[in-house]
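Here is the structure we will look at.
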Amino acid sequence: MFWNQEMETLERPALEALQLQRIQETLRRLERVPFYRERLRDTGVNAGDIKSATDLRRLPFTTAADLRENYPDGLLAVARDETLRLHTSSGTTGKPKALFFSRRDLDNAAELVARAFCMTGVTRSDVFQNMMSYGLFTGGLMMHYGAEKIGCLVIPSGPGTSERQLMLMQDFGTTVVHITPSYCFYFADFLDKKGINPRKDLSLRKAFVGAEPYTEETCRKIEAALGVDVYNSYGLTEMNGPGVAFDCEHKSGMHLWEDNFVLEIINPATGEPMKEGETGELVLTSINREAMPLLRYRTRDLTSLIPGSCRCGRTHRRIHRITGRSDDMLIVRGVNVFPQQIERVLMAMPQIGRNYVIQLEGLDDMTVKVELSPSAFDGEVGHLAQLQNQIAEKLRAEIWVRPKVDLVAAGSLPVGEGKAKRVIDNRSI
Amino acid sequence: MNTVKLVAVFAENRPGQAARITEILFRANINIRCITVASSGAFGVMKLLVNDPDLACRSLQKEGFAATLMDVLAVEMPDKPGALHTVAECLAAHQINLCNTTGFVANGRAILVIEVENPAQAGEVLSKQGLRVLSQKEALAV
Chain A
0 MFWNQEMETL ERPALEALQL QRIQETLRRL ERVPFYRERL RDTGVNAGDI KSATDLRRLP
60 FTTAADLREN YPDGLLAVAR DETLRLHTSS GTTGKPKALF FSRRDLDNAA ELVARAFCMT
120 GVTRSDVFQN MMSYGLFTGG LMMHYGAEKI GCLVIPSGPG TSERQLMLMQ DFGTTVVHIT
180 PSYCFYFADF LDKKGINPRK DLSLRKAFVG AEPYTEETCR KIEAALGVDV YNSYGLTEMN
240 GPGVAFDCEH KSGMHLWEDN FVLEIINPAT GEPMKEGETG ELVLTSINRE AMPLLRYRTR
300 DLTSLIPGSC RCGRTHRRIH RITGRSDDML IVRGVNVFPQ QIERVLMAMP QIGRNYVIQL
360 EGLDDMTVKV ELSPSAFDGE VGHLAQLQNQ IAEKLRAEIW VRPKVDLVAA GSLPVGEGKA
420 KRVIDNRSI
Chain B
0 MNTVKLVAVF AENRPGQAAR ITEILFRANI NIRCITVASS GAFGVMKLLV NDPDLACRSL
60 QKEGFAATLM DVLAVEMPDK PGALHTVAEC LAAHQINLCN TTGFVANGRA ILVIEVENPA
120 QAGEVLSKQG LRVLSQKEAL AV
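Heads up: the sequence lines are chains A and B, in that order.
Numbered per numbering that gives the first Met the number 0, the first sequence spans residues 0 to 428.
Numbered per numbering that gives the first Met the number 0, the second sequence spans residues 0 to 141.
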């Protein structure tokens, strides 16, 4: 099923011509942003020199740091009066990234979500329960708007309690949910305890699972646990939020809407393009945004392009599920782990010193090295073993992964200059 | 009741740790009479009977080690078959659990170093059995 069949199946030459036209428009808009005006002038490249999407490579990247440095509205390309909505992307440190949307931007964002819903087979007869957080986070509102556009009954439940989620599902016959992978498991457990079989007792058919990267294995597990078809959803606040790329009915990779975004996959270390099919960092240029277009934005999300065309007939290319993040979030055994969560647990325990290191090795083995506070040492090996166990258990409760915990001597972990290097990831991607 | 002090020090279970600890003790002119190492995975605890436990402990702490002093019993036994059995049986009869235990024989004398939860009680029981529970000074003079 198509929401906008013409655009979704536009032949590649026409799609690429449209991209070029929108790139030119975007470059003209960026001339109004002092930050970009200077950057573009420094490169000596004129808008007229860009003759294809590939020529974008001659232009500089935009990074999360650029967004933070230009907080709150340094990258705005329209007058403040033209803006209708502000969203932020939570940073783990310092200021968030602030993103503005014009009326047309919001409408386009909703259109992309509507396309996504349609291509998974959602219709106006569906009941969509949006279990994502509303507010500054784009995941709630943007999906809401998209679902309304195609005419679903939308239940804006937000994250709420499982008890209430279940009540809404039962009373209004929810067929589609939007949910994070971690909440899926939690909710499945909850149903289990309640003695509810989602296949028999609920009308759920589909789950749009996103906001956190997750593995294929997790996807299969969610499908088994909730009795639903899981569709992978990719998006980021910097590029509208959800609906940037989405699984179609064939679930063989996420179509990225190339009439709205120019995609590149680069080597995160060198910035050079990767060969088709190779995993690298996704770089996106928003070419259909008024209020705040971004040029070659480094998403820090690792993925690869899927060669060939999809059976669904859409011409927009597909990307693999996000396999990781060159950012600070860790994905351990399919679970998203922020070093900050670990820190919170460790720092609440008086037996632990100040420093710690998270080591990831092998396939997905996590070892947390923590410094023993000298005052907590009583000479008993048994007590230390107990302490290790206790730490591992507390971490499991917080991050859903039970790491191996190694106690080390205070002062034995390296202390970096400035920001400590807390994570050593030696896993093979 | 006589007890002796052991220095317990936390160390990571990797090469070079014992060398660091012993170097610190050597520099403080500490003489080691008896040593045990209990390791558990990534770390271990080294326990030492030394001529000056306070100085040893302080020296290690000054170098950043987690170190502490523990009260244990040093029991002199006859150096002959069945001696340890006598001690074990005596403790068993009083429901006293032996934790870490070590011992040494020097100058024809056999000394058992034992950790128990309640050293005073265990010391009393062993004394009544006719065993000598040594003071720090006596243990170091062996």
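Even for Gly, the Cβ is constructed at its ideal location relative to N, Cα and C.
Query raised in the report: In terms of residue numbering, what span does the alpha helix (DSSP H) encompassing B/Val104 cover?
Result: Residue mapping note: residue 104 of chain B aligns to position 105 of the second sequence, counting from 1. For B/Val104, there is no enclosing alpha helix (DSSP H); the enclosing beta strand (DSSP E) covers residues 97–105.
**Report entry** Span separating the alpha-carbon of A/Ala223 from that of A/Glu5
**Finding:** Within the first sequence, numbered from 1, the residue matching residue 223 of chain A stands at position 224. Within the first sequence, numbered from 1, the residue matching residue 5 of chain A stands at position 6. Rounded to the nearest whole angstrom, the CA to CA distance from A/Ala223 to A/Glu5 is 35 Å.
Query raised in the report: Quick one: what's A/Leu17 bridged to in DSSP?
Result: The residue given as residue 17 of chain A occupies position 18 in the first sequence. Answer is none; A/Leu17 lacks a bridge partner.
Query raised in the report: Given that A/Pro437 touches chain B, what residues does it touch there, using C-beta distances under 9 Å?
Result: The displayed coordinates of chain A run from 0 to 428. Any statement about residue 437 of chain A would go beyond what the structure contains.
Query raised in the report: Taking the beta strand (DSSP E) that A/Val229 falls in, what are its first and last residues?
Result: Numbered from 1 along the first sequence, position 230 holds the residue referred to as residue 229 of chain A. Per DSSP, A/Val229 belongs to the beta strand (DSSP E) from 228–235.
Query raised in the report: Ends of the beta strand (DSSP E) at B/Leu5?
Result: Position 6 of the second sequence, counting from 1, holds the residue named residue 5 of chain B. For B/Leu5, the uninterrupted beta strand (DSSP E) run begins and ends at 3–11, by DSSP.
**Report entry** Per-residue contacts from B/Lys46 into chain A (C-beta, under 8 Å)
**Finding:** The residue you call residue 46 of chain B lines up with position 47 of the second sequence. Under the 8 Å cutoff, chain A gives Gly378.
Report task. Could you check which residue in B/Asn30, B/Asn28, B/Arg57, B/Ala66 has the C-alpha nearest to that of B/Gly43? Result -> For the purposes of this step, residue 43 of chain B is taken as residue 44 along the second sequence, with counting starting at 1. Looking from the CA of B/Gly43, the closest CA among B/Asn30, B/Asn28, B/Arg57, B/Ala66 belongs to B/Ala66.
Query raised in the report: Is A/Ile423 buried or exposed, if buried means 16 or more other CB atoms sit within 10 Å of its CB?
Result: Here residue 423 of chain A refers to the residue found at position 424 when the first sequence is read from its first residue. Flag for A/Ile423 reads exposed.
**Report entry** Contact residues within the segment 23–46 of chain B, judged by C-beta distance below 9 Å to chain A
**Finding:** The residues in question are Ala37, Ser38, Ser39, Gly40, Ala41, Phe42, Gly43, Val44, Lys46.
Report task. Report the rounded CA-to-CA distance for B/Leu24 versus B/Ala10, giving the unit in angstroms. Result -> Here residue 24 of chain B is taken as the residue at index 25 of the second sequence, counted from 1. Here residue 10 of chain B is taken as the residue at index 11 of the second sequence, counted from 1. B/Leu24 and B/Ala10: Cα-Cα distance of roughly 14 Å.
Query raised in the report: Using the rule of at least 16 other Cβ atoms within 10 Å of the residue's Cβ for burial, across every protein chain shown, is A/Glu68 buried or exposed?
Result: Taking the first sequence and counting its residues from 1, one reaches residue 68 of chain A at position 69. A/Glu68 should be labelled exposed.
Query raised in the report: In terms of DSSP beta bridges, what is A/Leu283 paired with?
Result: Position 284 of the first sequence, counted from the start, is the residue given in the question as residue 283 of chain A. For A/Leu283, which the question treats as bridged, DSSP gives the partners A/Leu262, A/Tyr296.
Query raised in the report: What is the DSSP secondary structure of A/Leu85, counted as helix, strand or coil?
Result: Taking the first residue of the first sequence as 1, we reach residue 85 of chain A at position 86. Note: A/Leu85 maps to strand in three-state DSSP.
Query raised in the report: Nearest to A/Ala63 by alpha carbon, out of A/Arg114, A/Thr314, A/Arg299, A/Phe376?
Result: As a working note, residue 63 of chain A is residue 64 in the first sequence. It is A/Arg299 whose Cα lies nearest to the Cα of A/Ala63.
Query raised in the report: Can you list, in chain order, the residues of its chain whose CB lies under 6 Å from that of A/Asp125, leaving out five sequence neighbours each side?
Result: Here residue 125 of chain A corresponds to residue number 126 of the first sequence, with the count starting at 1. Beyond the five residues adjoining it in sequence on each side, A/Asp125 comes within less than 6 Å, by CB distance, of Cys151, Thr174, Val175 in the same chain, given in chain order.
**Report entry** Through-space distance from A/Gln20 to A/Arg102, alpha-carbon basis
**Finding:** Position 103 of the first sequence, counted from the start, is the residue given in the question as residue 102 of chain A. Position 21 of the first sequence, counted from the start, is the residue given in the question as residue 20 of chain A. For A/Arg102 and A/Gln20, the distance between alpha carbons rounds to 21 Å.
Query raised in the report: Helix, strand or coil for A/Asn3 per DSSP?
Result: By one-based count along the first sequence, residue 3 of chain A stands at place 4. Here A/Asn3 sits in coil by DSSP.
Query raised in the report: Roughly how many angstroms separate the alpha carbons of A/Cys311 and A/Ala115, rounded to a whole number?
Result: Working through the first sequence from its first residue, we reach residue 311 of chain A at position 312. Working through the first sequence from its first residue, we reach residue 115 of chain A at position 116. If you take the alpha carbons of A/Cys311 and A/Ala115, they lie about 13 Å apart.
Report task. Using a Cβ-Cβ cut-off of 8 Å, state whether A/Val356 counts as contacting chain B. Result -> Here residue 356 of chain A is taken as the residue at index 357 of the first sequence, counted from 1. No - not a single Cβ of chain B is within 8 Å of the one on A/Val356.
Requested in this report: Taking only runs that begin and end inside the segment 59–88 of chain B, name each unbroken beta strand (DSSP E) of 3 or more residues, in chain order.
Outcome: Here the runs fully enclosed are 66–76.
Query - Below-8 Å beta-carbon distance, A/Gly410 vs any chain E residue - result: Here the protein chains are A and B, and chain E is not one of them.
Query - Candidates A/Gly378, A/Asn388, A/Ala391, A/Val407: closest to B/Thr35 by CA position - result: Taking the first residue of the second sequence as 1, we reach residue 35 of chain B at position 36. That would be A/Gly378, whose Cα lies nearest to the Cα of B/Thr35.
Query raised in the report: Where does B/Ile29 sit, in a helix, a strand or coil, going by DSSP?
Result: Taking the first residue of the second sequence as position 1, residue 29 of chain B is located at position 30. B/Ile29: coil per DSSP, three-state reduction.
Query raised in the report: Would A/Val407 count as contacting chain B if we go by Cβ distances under 8 Å?
Result: Residue mapping note: residue 407 of chain A aligns to position 408 of the first sequence, counting from 1. With 8 Å as the cut-off, A/Val407 counts as an interface residue toward chain B.
Query raised in the report: Within the chosen definition, does the segment 348–364 of chain A reach the segment 331–338 of chain A through at least 3 CB pairs nearer than 8 Å?
Result: Under the three-pair Cβ rule at 8 Å, the segment 348–364 of chain A counts as touching the segment 331–338 of chain A.
Query raised in the report: Touch check for the segment 270–288 of chain A and the segment 345–359 of chain A: three-plus C-beta pairs under 8 Å?
Result: Pairwise C-beta distances place the segment 270–288 of chain A out of contact with the segment 345–359 of chain A, as fewer than three of them are shorter than 8 Å.
Query - Other residues of its chain near A/Met273: CB distance less than 8 Å, five sequence neighbours each side excluded - result: Residue 273 of chain A sits at position 274 when you count from the first residue of the first sequence. Around A/Met273: Ile264, Ile265, Asn266, Gly279, Ser303.
Query raised in the report: So, does the CB of A/Glu394 fall closer than 8 Å to a CB anywhere in chain B?
Result: As a position in the first sequence, residue 394 of chain A is number 395, starting the count at 1. In the sequence as displayed, the identity of residue 394 of chain A is Leu instead of Glu. It does not: the Cβ of A/Leu394 has no partner Cβ on chain B nearer than 8 Å.
Query - Nearest residue (CA-CA) to A/Leu29, options A/Leu14, A/Pro12, A/Phe1, A/Leu58 - result: Here residue 29 of chain A refers to the residue found at position 30 of the first sequence. Ranking A/Leu14, A/Pro12, A/Phe1, A/Leu58 by Cα distance to A/Leu29 puts A/Leu58 first.
Query raised in the report: Starting from A/Arg103 and walking both ways along the alpha helix (DSSP H), at which residues does that stretch end?
Result: Locating residue 103 of chain A in the first sequence gives position 104, where the first residue counts as 1. DSSP places A/Arg103 in the uninterrupted alpha helix (DSSP H) bounded by 102–118.
**Report entry** Local Cβ density within 10 Å of A/Thr431, reported as buried at 16 or more and exposed below that
**Finding:** Any question about residue 431 of chain A goes unanswered here, given that chain A covers just 0 to 428.
**Report entry** chain B within 8 Å of A/Ala46, Cβ atoms only
**Finding:** On the first sequence, position 47 is the one that residue 46 of chain A refers to. It does not: the Cβ of A/Ala46 has no partner Cβ on chain B nearer than 8 Å.
Requested in this report: May I ask you to list the residues that DSSP assigns as paired with A/Thr174?
Outcome: Counted from its first residue, the first sequence places residue 174 of chain A at position 175. Looking at the DSSP output, A/Thr174 sits in no beta bridge, so it has no partner there.
Query raised in the report: Does the distance from the C-beta atom of A/Val407 to that of A/Gln18 stay below 8 Å?
Result: Looking up residue 407 of chain A in the first sequence gives position 408. Looking up residue 18 of chain A in the first sequence gives position 19. Not a contact, by the Cβ cut-off of 8 Å.
Query - Within 8 Å, strictly: CB atoms of A/Ala108 and A/Met141 - result: Stepping through the first sequence from its first residue, residue 108 of chain A is reached at position 109. Stepping through the first sequence from its first residue, residue 141 of chain A is reached at position 142. Cβ distance < 8 Å, so A/Ala108 and A/Met141 count as in contact.
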